[in-house]
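Residue numbers (the numbering used here), protein chains in the order written: chain A, 13 to 390; chain B, 13 to 390.
Structure first, then comments.
There are 2 protein chains.
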Amino acid sequence: MHRTLSVASSPVRDLLALTSRPEVISFAGGLPAPELFDLDGVRAAYDVALRDRSVLQYAPTEGNRALRSLVAARLTGRGLPTSDVLITTGSQQALTLVATALLEPGAVVAVEEPTYLAALQCFQMAGARIVPVAGDADGLDPAALRSVVEAERPAMLYLVPTFANPTGRTLSAARRAEIAALAEEHSFWVVEDDPYGELRYRGSAVAPLASISDRTVYLGSFSKIGAPGMRLGWLRAPEDLLRTLVIVKQAADLHTSTVDQAAAAVYLKDNDLDAHVARLCVEYGARRDAMIEALPGTVPVDTTWTDPDGGMFVWLRLPGDVDTAELLQEALRHDVAFVPGAPFFATTPDHATFRMSFTTNTPDEIAEGMARLAKVFR
Amino acid sequence: MHRTLSVASSPVRDLLALTSRPEVISFAGGLPAPELFDLDGVRAAYDVALRDRSVLQYAPTEGNRALRSLVAARLTGRGLPTSDVLITTGSQQALTLVATALLEPGAVVAVEEPTYLAALQCFQMAGARIVPVAGDADGLDPAALRSVVEAERPAMLYLVPTFANPTGRTLSAARRAEIAALAEEHSFWVVEDDPYGELRYRGSAVAPLASISDRTVYLGSFSKIGAPGMRLGWLRAPEDLLRTLVIVKQAADLHTSTVDQAAAAVYLKDNDLDAHVARLCVEYGARRDAMIEALPGTVPVDTTWTDPDGGMFVWLRLPGDVDTAELLQEALRHDVAFVPGAPFFATTPDHATFRMSFTTNTPDEIAEGMARLAKVFR
Numbered sequence: 013m014h015r016t017l018s019v020a021s022s023p024v025r026d027l028l029a030l031t032s033r034p035e036v037i038s039f040a041g042g043l044p045a046p047e048l049f050d051l052d053g054v055r056a057a058y059d060v061a062l063r064d065r066s067v068l069q070y071a072p073t074e075g076n077r078a079l080r081s082l083v084a085a086r087l088t089g090r091g092l093p094t095s096d097v098l099i100t101t102g103s104q105q106a107l108t109l110v111a112t113a114l115l116e117p118g119a120v121v122a123v124e125e126p127t128y129l130a131a132l133q134c135f136q137m138a139g140a141r142i143v144p145v146a147g148d149a150d151g152l153d154p155a156a157l158r159s160v161v162e163a164e165r166p167a168m169l170y171l172v173p174t175f176a177n178p179t180g181r182t183l184s185a186a187r188r189a190e191i192a193a194l195a196e197e198h199s200f201w202v203v204e205d206d207p208y209g210e211l212r213y214r215g216s217a218v219a220p221l222a223s224i225s226d227r228t229v230y231l232g233s234f235s236k237i238g239a240p241g242m243r244l245g246w247l248r249a250p251e252d253l254l255r256t257l258v259i260v261k262q263a264a265d266l267h268t269s270t271v272d273q274a275a276a277a278v279y280l281k282d283n284d285l286d287a288h289v290a291r292l293c294v295e296y297g298a299r300r301d302a303m304i305e306a307l308p309g310t311v312p313v314d315t316t317w318t319d320p321d322g323g324m325f326v327w328l329r330l331p332g333d334v335d336t337a338e339l340l341q342e343a344l345r346h347d348v349a350f351v352p353g354a355p356f357f358a359t360t361p362d363h364a365t366f367r368m369s370f371t372t373n374t375p376d377e378i379a380e381g382m383a384r385l386a387k388v389f390r
Numbered sequence: 013m014h015r016t017l018s019v020a021s022s023p024v025r026d027l028l029a030l031t032s033r034p035e036v037i038s039f040a041g042g043l044p045a046p047e048l049f050d051l052d053g054v055r056a057a058y059d060v061a062l063r064d065r066s067v068l069q070y071a072p073t074e075g076n077r078a079l080r081s082l083v084a085a086r087l088t089g090r091g092l093p094t095s096d097v098l099i100t101t102g103s104q105q106a107l108t109l110v111a112t113a114l115l116e117p118g119a120v121v122a123v124e125e126p127t128y129l130a131a132l133q134c135f136q137m138a139g140a141r142i143v144p145v146a147g148d149a150d151g152l153d154p155a156a157l158r159s160v161v162e163a164e165r166p167a168m169l170y171l172v173p174t175f176a177n178p179t180g181r182t183l184s185a186a187r188r189a190e191i192a193a194l195a196e197e198h199s200f201w202v203v204e205d206d207p208y209g210e211l212r213y214r215g216s217a218v219a220p221l222a223s224i225s226d227r228t229v230y231l232g233s234f235s236k237i238g239a240p241g242m243r244l245g246w247l248r249a250p251e252d253l254l255r256t257l258v259i260v261k262q263a264a265d266l267h268t269s270t271v272d273q274a275a276a277a278v279y280l281k282d283n284d285l286d287a288h289v290a291r292l293c294v295e296y297g298a299r300r301d302a303m304i305e306a307l308p309g310t311v312p313v314d315t316t317w318t319d320p321d322g323g324m325f326v327w328l329r330l331p332g333d334v335d336t337a338e339l340l341q342e343a344l345r346h347d348v349a350f351v352p353g354a355p356f357f358a359t360t361p362d363h364a365t366f367r368m369s370f371t372t373n374t375p376d377e378i379a380e381g382m383a384r385l386a387k388v389f390r
């Protein structure tokens, strides 16, 4: 007999398999647009990296030294002074490492609600109890967090403060300061997951929580600004905790692919990633606008939605007693797809919610997909 | 406060850092010989794989379909009928996935003694209690295992049955049958870790435990026959357990690098890996012979050592009350290194033991290194 795990496969990943018919215009995924990958630049970087025989060998758990320096310099340049990072096999691995290092079975993890569901899975698998914290258009509510902290004594707060998955919301600077102060006062860790922060289409950057509190583990990723297939993420944490996380990673996979790391280091050295990200922002911004502009003519009156300044997602709530999981079946009959919102809730789901991604379709495709959706909501 | 993990960094990996001075002839590592990597073939495979934009995208957790088929066909061809595998980020990840899926905190894991120490770390991190089982020149002793099983009710037996790390020993066919029968009778899982099985320099292959019992999780790797830097392993398990392990992997890192997997699939399709492995066996076999032949003139009388038919390691025990960790300091002063045996023991270490790897030095370098070692033991 093997133990029965209390978690199931990700409903979103399972759904993606069902919505992959080529005739479906899918707003379900959380994928970067493949036509915007810098394939030539990346292939050239692998070719350069693979002139050095040592990229085929085992390597230190911490990660490629050049890549760590380049990432740390990039974070520093963006206003988060960073002396070192741990390279991870995507940010998803960083979540598992943090859960292993910081959570005893039965520990409490506070999360914004709704939140990234693969994080929920990861904390559940670590045996943690998840306690949701309410938020609004400005992100997680510090007053609600204070109540949860005083009642539940969480070991960790997990959040995506900038262009959150699934809501697209950004936590305000004032709230970041309040949350950082709470973390200091009550000695819990803040896990600041920031895969989308560079994908900003309007307004100006808000300083990361990690820049105002040392009780923060900051997670970054190459997946949304570069290429997710390379599975490269990074983790910034206070020195003691970083050392512990290196040991946990050693047991998890010894180290991340030496080849992918070396190629990423070459890519960052030989290319202007900022310019690439600027191109992404122009394209994605236009797609965001196309979706937001089409919404009033698509969804029922009294539907509410977020108005994200960046990232990949719009989060919506339909009026009345509806279940978006049922509506999805109808949508698929019209060759269009979204993600029902229920799986993003840690405890009590709101079945009238759903998530739409605007990154993988062009403005024209978005217009067509929204026209199909309008028939579903009619 | 974060929890204090009860495991430390790998003493072998820490040691490797200390022995990396270029003037040191190191028998300490467990690395493949870099000069034997097929760098040109691998670089060409990445170049072909990177003509397809989809290798930069997210991908299914199970792994690249072509790679899974090629690996399954290869296992089947080697006498282990296999319909599917899960691709892992090296075999090390497979160990962590198996520990997460099969071990409740406090579960018992039986291991051969001595054994691969990163496996010990991994099971300790999962909160398991490790119980060692004695063995001899023919590998793990089934009678000793029966006693442990009856007394301790392990959830899992972990072993490297072919050219074990650190001993180089191979479990006999008769013992494999006995152990498989015990696993069926007492419903524990056998985790058969087989990174070295194809590196055989004499004698003929012994069928894997997985070919005689369904209660087996079989782990394979590209690291010793291809390139460890690509971090590619695979896991074969009964269908139900495989499905559970896919879910665990989803939380661990979503999936293994799409790029590395696609490159490996291209490599296996366009190259003759069997011919490459045959070349490795010729080279490594000569290195093995060089080390074994030099031993009588190097170590003290009454030293014992294993005489491996393949793999990478010779395991030795010095006579008398000595500590090989102290001798290592003396060895480093003579610019030669080995690994003290103590960390490979789950419970009570035998400080007179040590491990020597013969793969990363040529026969001439081995002769020189052994001459330096002779001065240490004089």
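In this text, a Cβ means the ideal position worked out from N, Cα and C, and glycines have one as well.
Could you list which residues in chain A have their beta carbon closer than 8 Å to that of T456 of chain B, in chain order? Since the first residue of chain B shown is 13 and the last is 390, residue 456 of chain B is not available in this structure.
Could you tell me which residues DSSP puts in a beta bridge with L247 of chain A? Answer by DSSP bridge pairing, in chain order: A:L98 and A:L231.
Smallest Cα separation from G241 of chain A: which of A:G297, A:R214, A:S103 and A:A386? The shortest C-alpha separation from G241 of chain A is found at A:S103.
Whether A264 of chain B touches T73 of chain A by CB criterion (7 Å): Against a cut-off of 7 Å, the Cβ pair of T73 of chain A and A264 of chain B comes out as no contact.
Which residue from A:L48, A:P44, A:A383 and A:L194 puts its Cα closest to that of L157 of chain A? Minimum Cα distance to L157 of chain A is reached at A:L194.
Pick from B:D286, B:V351 and B:I378: whose alpha carbon is nearest that of F366 of chain B? Its Cα nearest to that of F366 of chain B, the residue B:V351 stands out among B:D286, B:V351 and B:I378.
With 7 Å as the threshold, decide whether the Cβ of R15 of chain A is near any Cβ in chain B. Since pLDDT at R15 of chain A reaches only 45, below the 50 mark, its modelled position is unreliable, and the value read off the structure follows with that caveat. So, interface residue.
Are the Cβ atoms of E196 of chain B and Y230 of chain B separated by less than 7 Å? Their beta carbons are not under 7 Å apart, which means E196 of chain B does not touch Y230 of chain B by this criterion.
Straight-line CA distance for A275 of chain B to D148 of chain A? C-alpha of A275 of chain B to C-alpha of D148 of chain A: approximately 45 Å in a straight line.
Thinking C-alpha only, which one of A:D50, A:A364 and A:F356 is nearest E124 of chain A? Selected option, being the one with the closest Cα: A:F356.
Go to I328 of chain B, then tell me how far its beta strand (DSSP E) extends in each direction, as first and last residue. Reading off the sequence, residue 328 of chain B comes out as Leu, not Ile. Element bounds for L328 of chain B: F325 to R329.
Continuous beta strand (DSSP E) stretch holding V203 of chain B: start and end: Where V203 of chain B is concerned, the enclosing beta strand (DSSP E) stretches over W201 to D205.
Whole-angstrom Cβ separation of F325 of chain B and P178 of chain B, contact assumed at under 8 Å? Indeed they touch by this definition, with Cβ atoms about 5 Å apart.
With a Cβ-Cβ cutoff of 7 Å, do A185 of chain B and V218 of chain B count as a contact? At the C-beta level, A185 of chain B and V218 of chain B come within 7 Å of one another.
Round the Cβ separation of A306 of chain A and I378 of chain A to the nearest angstrom and send it over; I've been treating them as touching at under 8 Å. Confirmed, Cβ separation roughly 7 Å.
With which residues is D148 of chain A paired in a DSSP beta bridge? Answer is A:G151, bridged to D148 of chain A.
Nearest chain A C-beta to M137 of chain B closer than 7 Å, yes or no? The beta-carbon of M137 of chain B is placed less than 7 Å from the nearest beta-carbon of chain A.
Going by CA-CA distance only, name the one from A:F200, A:A131, A:G139 and A:R329 that's closest to R165 of chain A. For R165 of chain A, the nearest C-alpha among the options comes from A:F200.
Please list, in chain order, the residues of the region 45-59 of chain B that have any C-beta partner in chain A closer than 8 Å. Within the region 45-59 of chain B, those residues whose Cβ lies closer than 8 Å to any Cβ of chain A are, in chain order, P46, E47, F49, L51, V54, R55, Y58 and D59.
Delimiting residues of the beta strand (DSSP E) encompassing L123 of chain B: Checking the sequence, you will find Val at residue 123 of chain B rather than Leu. That run of the beta strand (DSSP E) goes V120 to E124.
Buried versus exposed, by CB contacts within 10 Å (16 or more), T360 of chain B: T360 of chain B should be labelled exposed.
Taking the alpha carbon of L285 of chain B as the point to measure from, which residue in B:S235, B:T315 and B:I259 has its own alpha carbon closest? Looking only at B:S235, B:T315 and B:I259, the smallest Cα-Cα distance to L285 of chain B is reached by B:S235.
Under a three-way DSSP split, which group does A275 of chain B fall into? A275 of chain B: helix per DSSP, three-state reduction.
Taking its Cβ as the centre, do 16 or more other Cβ atoms sit within 10 Å of P173 of chain A, making it buried, or is it exposed? So P173 of chain A counts as buried.
Please check the pair V294 of chain A and I237 of chain A, which I expect to be a contact at CB under 8 Å, by giving their CB distance rounded to whole angstroms. Contact flag wrong, Cβ pair sits at about 14 Å.
What residues in the region 92-107 of chain A bring their beta carbon closer than 7 Å to a beta carbon of chain B? For the region 92-107 of chain A, the set of positions with a beta-carbon nearer than 7 Å to some beta-carbon of chain B reads T101, G102, Q104 and Q105 in chain order.
Taking C-beta pairs closer than 8 Å, name the residues in chain B that L62 of chain A reaches, listed in chain order. Those within 8 Å of L62 of chain A in chain B are L51, V54, R55 and Y58.
With distances taken Cα to Cα, identify the nearest neighbour of A364 of chain A among A:R187, A:M382, A:L292 and A:P126. Here the closest residue by C-alpha is A:P126.
Considering Cα atoms alone, identify which of B:V120, B:V83 and B:L385 is closest to W246 of chain B. Here the closest residue by C-alpha is B:V83.
Can you list, in chain order, the residues of the region 226-241 of chain A whose Cβ is nearer than 7 Å to any Cβ on chain B? Here the close residues are A239, P240 and G241.
Around the C-beta of P154 of chain A, are 16 or more other C-beta atoms found within 10 angstroms, so that it is buried, or is it exposed? P154 of chain A counts as buried, since no fewer than 16 other beta carbons sit within 10 angstroms of its beta carbon.
Under 8 Å by Cβ, that's how I've got R243 of chain A and S269 of chain B pegged, so tell me the actual separation to the nearest angstrom. The Cβ separation is near 5 Å, so the contact holds.
For T310 of chain A, count neighbouring Cβ atoms within 10 angstroms of its own Cβ and tell me buried if that reaches 16, exposed if not. Using a 10 angstroms sphere on the CB of T310 of chain A, the tally of other CB atoms reaches 16 or more, which defines it as buried.
Buried or exposed for G151 of chain A, please, with buried defined as at least 16 other CB atoms from any protein chain shown within 10 angstroms of its CB. By the neighbour-count rule (16 or more Cβ atoms within 10 Å), G151 of chain A is buried.
Residues of the region 66-88 of chain A with Cβ closer than 9 Å to any Cβ of chain B, in chain order: Hits within the stretch, in order: S66, V67, L68, Q69, Y70, A71, P72 and T73.
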